[in-house]
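Take a look at the structure set out below.
In this note's numbering, the protein residues as written are 118 to 367.
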């Protein structure tokens, strides 16, 4: 029996990544809330060592999403070290053996501003699938949304939310209001399918490794209409109360 070798992971030390971690089927990645806290604290330790930036995150029971700016570091070295350290500790606490994570961590390079913004909203939108948080995702403790909206301070010191929030308004209050609206708008299966890692055998990589910000407003509007289907906002941008969301993206 011959096994095909894994495709070599394409990466750049200047790239921003959408990173997803997932446990094997029969084991929860975060069995208790303390596990989520432990993972975030461990990530902070690695952040101090490697200097990468975290722009958004959300930890669920069996998986987690992150937007990570490698900032000159090797993303594979960061994630492999972090996950290995967490798995050893998890197994010790739960008196188990064997693998915890499902294969390698998965990642995609974020190469445009519109992808970055939509992705951050999608990651925070994950919480809407949890019973009790359908209408209040900002109350979920293990997502960075609460920090984005100014409801809590970042207790871990892990997050740099300003990098994304700068696109929504120079006024902090307006930026938070506009971002909250976008999180709810982003609840769309088509967007989820495109931003998730749907049964991918290898990771997609773009040749571009920096965020490009030279998009025309019409391009942004077409993108939002295509991805969200919010025709009224697109057709009546100037008069709609949610128009600032569009302006933030454009």
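Cβ coordinates follow ideal geometry from the N, Cα and C atoms, glycine included. A quick note: this is a predicted structure, and the numbers were derived from the prediction, not measured.
Kindly indicate which residue of the options has the alpha-carbon position closest to the one of residue i.
i	options	result
residue 303	271, 242, 281, 277	242
residue 265	138, 247, 177, 284	284
residue 144	259, 235, 215	215
residue 140	226, 179, 210, 231	179
residue 194	298, 247, 300, 222	222
residue 149	177, 166, 163	177
residue 146	213, 225, 253	213
residue 135	230, 225, 192	225
Within the same chain, show all residues whose beta-carbon is closer than 6 Å to that of residue i, passing over the 5 residues directly before and after it, in chain order.
i	result
residue 173	184, 237, 240, 261
residue 293	266, 267
residue 125	Residue placement at residue 125 is flagged as unreliable, the pLDDT there being 46, under the threshold of 50; the coordinate-derived value follows with that caveat. Correct list: empty, nothing qualifies.
residue 182	137, 175, 240
residue 142	none
residue 133	186, 227
residue 203	156, 159
Taking Cβ positions, are residue i and residue j nearer each other than 8 Å?
i	j	result
residue 171	residue 276	yes
residue 274	residue 161	yes
residue 206	residue 218	no
residue 259	residue 153	yes
residue 255	residue 263	yes
residue 232	residue 244	no
residue 281	residue 234	yes
Report all residues from its chain with a CB closer than 7 Å to the CB of residue i; omit the five preceding and five following residues, and keep chain order.
i	result
residue 356	Because the pLDDT at residue 356 is just 46, under 50, the model does not fix this residue reliably, and the point stays unresolved.
residue 189	130, 168
residue 196	136, 222
With DSSP as the reference, please indicate the residues paired to residue i in a beta bridge.
i	result
residue 181	138, 176
residue 186	133, 170
residue 218	140
residue 224	136
residue 276	171
Beta-carbon within less than 8 Å of residue i's beta-carbon, same chain only, minus the 5 sequence neighbours each way: which residues are those?
i	result
residue 288	none
residue 271	261, 264, 278
Could you check whether the Cβ of residue i sits closer than 8 Å to any Cβ belonging to chain B?
i	result
residue 229	As a matter of chain content, chain B is missing from the structure shown, which is built from one protein chain.
Checklist line | alpha helix (DSSP H) runs wholly inside the segment 234–273, at least 4 long, in chain order | finding: Within the segment 234–273, the complete alpha helix (DSSP H) runs of at least 4 residues are 262–265.
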